[in-house]
Amino acid sequence: MKPLLSALALGLSLTPALAEDWQQVLNQARGQTVYFHAWGGDQRTNDFIASVGDRLQDDHDVTLRHVRLADTADAVARVLAERAAGRDSGGSVDLIWLNGPNFLAMKEQELLHGPFVADLPNARYLDLTEGSANTADFTVPVEGLESPWRLARFVFTYDSARIAAPPADMAGMVDWAAAHPGRVTHPDPANFMGTTFLKQALIELAPAGTDLSLPPDDDSFAAATAPLWEWYDALRPHLWRDGLSFPENESIQQQLLNDGEVDLGMSFDPASAAAAIADGLLPESVRVHVPAAGSIGNVSFVAIPANASNIAGAKVLANALLDPETQAQMQNIDNLGAFSVLDPARLDDAATAAFAALPTAPALPSLQDLGPVLAEPHPGWATRLTDAWQRRYTR
């Protein structure tokens, strides 16, 4: 990848005050080591983060240390423990890849630094108008406490050489699974991908008028999920291993798909199938499928804990992740393939051309192919769904 230029070297149209403030941030960041706590379950993402770290070191003398997480809650718990111990500064977490319930928990407990996003020079490329995807995290207002860095969309994957496309909606999954007994499964809902599978079904099956943007109480949860549990009860007998055990995560389910043991995979990264094919981890005949009504989508964010040791360095990293060149390299299927969060209308001609020239692949959908975005429910739904599923189906 090409060197990452600083915001000032890019010649951004900054106000004098912002330019001066940002130069102070760059000066403070020089020599810092930023501990970036981020999910480490995908090697392509890990490699991309490492490449950003190389450029940060070269351009700004900022060292990036990727603390690879199995669960983001581990980083949140660390920040909580440090605050409980009275460690209000000098914390061990500088930046977190954050979403949903974990963001809500940190925001409610005032564990986050900021607002800071509007002060990032590369925020000029974002749509930050009220109601945009960059301003809410699972319906919770971001209010400048998180900076976006990649788009996520829930998709199914299947091997087109073996089977026809999955059904057009979640309701049809029961009959489809019955026609393919033992060939359908989903990750354990203790993992976010399994929870997302349930949320996708909840959105499609909930009674008309259900408002999933509101936190559920006992009554609203029971009413909204009654059709979901009826659907799942009908689906479960047709699942892999009779619905008695489940893959731990999407990577294990992908391996089952590659081995021909199941016919369905799922991901929150629409480019993951094309990437896996390129790496020899899936057959070339695998394709992406999205329900006709659309699928759950969200923006992945990064946030700075209030007690972070290296706040300036964390801001430089957050800004670097929004650089148009970085975003184009990220969206390149040869690197990562994650969709950019930048507003195309805000890019200059060179950046627009860079995105237009990105390579494609048969298993790589376009944004248009993905159809409508279904908004994430309030984080309270995910927590209750996981708990209810475990009570109903693991005892």
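For the sequence shown, the working numbering assigns the number 26 to the initial residue and increments by one for each residue that follows. By construction, the Cβ of each residue, glycine as well, lies at the ideal position given by its N, Cα and C atoms. Just so you know, these numbers come straight off a predicted model, no measurement behind them.
* To do: Assuming A298 and A193 form a contact by the criterion Cβ under 8 angstroms, report the distance between their Cβ atoms to the nearest whole angstrom.
  => Actually they are not in contact, since the Cβ atoms of A298 and A193 sit about 19 angstroms apart, beyond 8 angstroms.
* To do: Using three-state DSSP, classify N323 as helix, strand or coil.
  => In the structure shown, N323 sits in a strand (DSSP, three-state: E or B).
* Asked: DSSP on A248, reduced to helix/strand/coil?
  -> helix
* So is E135 buried or exposed if we call it buried at 16+ other beta carbons inside 10 Å? -> exposed
* Is the CB-CB distance between T97 and T58 below 7 angstroms? -> no
* Three-state class that DSSP yields for R312 in the structure shown -> In the structure shown, R312 sits in a strand (DSSP, three-state: E or B).
* Are L94 and W64 closer than 7 angstroms when you measure CB to CB? -> yes
* Option in Y183, A44 and M355 with minimal Cα separation from D144 -> A44
* Note the first and the last residue of the continuous alpha helix (DSSP H) segment covering V291. => Reading the sequence as shown, one finds Met at residue 291 and not Val. Looking at the DSSP string, M291 is not in any alpha helix (DSSP H); the run it does join, the beta strand (DSSP E), is G290 to S292.
* Please list, in chain order, all residues of the same chain as H91 whose beta carbon is under 8 angstroms from its beta carbon, the five residues on each side excluded. => F61, A63, G65, N71, I74, A75 and G78
* Asked: With distances taken between CB atoms, is the gap from L120 to A363 smaller than 7 angstroms?
  -> no
* Can you give, in chain order, each stretch of the alpha helix (DSSP H) that sits fully within the segment 101-144 and has at least 4 residues? -> 125-133
* Hey, V311 and A388: beta-carbon distance below 7 angstroms or not? -> yes
* **Enclosing beta strand (DSSP E) for S172 [first to last residue]** => S172 to R178
* Exposure of D294, with buried meaning 16 or more beta-carbon neighbours within 10 Å -> buried
* Under a three-way DSSP split, which group does V50 fall into? -> helix
* Asked: Can you give, in chain order, each stretch of the alpha helix (DSSP H) that sits fully within the segment 357-420 and has at least 4 residues?
  -> 374-381 and 404-418
* Asked: Where does H263 sit, in a helix, a strand or coil, going by DSSP?
  -> helix
* Endpoints, alpha helix (DSSP H) assigned at T88 -> Here T88 belongs to no alpha helix (DSSP H); instead the beta strand (DSSP E) covers T88 to L94.
* With DSSP as the reference, label T160 as helix, strand or coil. => Note: T160 maps to helix in three-state DSSP.
* To do: Evaluate W406 with the Cβ neighbour count: other Cβ atoms within 10 Å of its Cβ, from every protein chain shown; 16 or more gives buried, anything less gives exposed.
  => buried
* Classify A226 as helix, strand or coil using the three-state DSSP reduction. => helix
* Asked: Using the C-alpha atoms, what's the distance from P241 back to R261?
  -> 25 angstroms
* **Span separating the alpha-carbon of G116 from that of V101** => 12 angstroms
* What is the DSSP secondary structure of F73, reduced to helix, strand or coil? -> helix
* Asked: Taking the alpha carbon of A148 as the point to measure from, which residue in A300, R371 and R416 has its own alpha carbon closest?
  -> R371
* To do: Measure the alpha-carbon distance for A353 versus D368 and round it to whole angstroms.
  => 12 angstroms
* G219 to A130 span [Cα, whole Å] -> 21 angstroms
* To do: Compare the beta carbon distance of P402 and L237 with 7 angstroms and say whether it is the shorter of the two.
  => yes
* Asked: Is the CB-CB distance between F163 and G139 below 7 angstroms?
  -> The answer is no: Cβ separation not under 7 angstroms.
* Asked: Between which two residues does the beta strand (DSSP E) harbouring D59 extend?
  -> For clarity, residue 59 is Val in the given sequence; the question names Asp instead. It spans T58 to W64 - the beta strand (DSSP E) in which V59 sits, taken as one unbroken run.
* On the three-pair Cβ rule with 8 angstroms, is the segment 324-341 touching the segment 197-211? -> no
* Residue-level contact to chain B via CB, E171, 7 angstroms cutoff -> This model lacks chain B altogether; it includes just one protein chain.
* **the segment 404-418 touching the segment 208-217, judged by at least three CB pairs closer than 8 angstroms** => yes
* Would you mind sorting A110 into buried or exposed? The rule is 16 or more other CB atoms within 10 Å of its CB. => That one is exposed.
* Note down the Cα distance separating L137 from V167, rounded to an integer number of angstroms. => 11 angstroms
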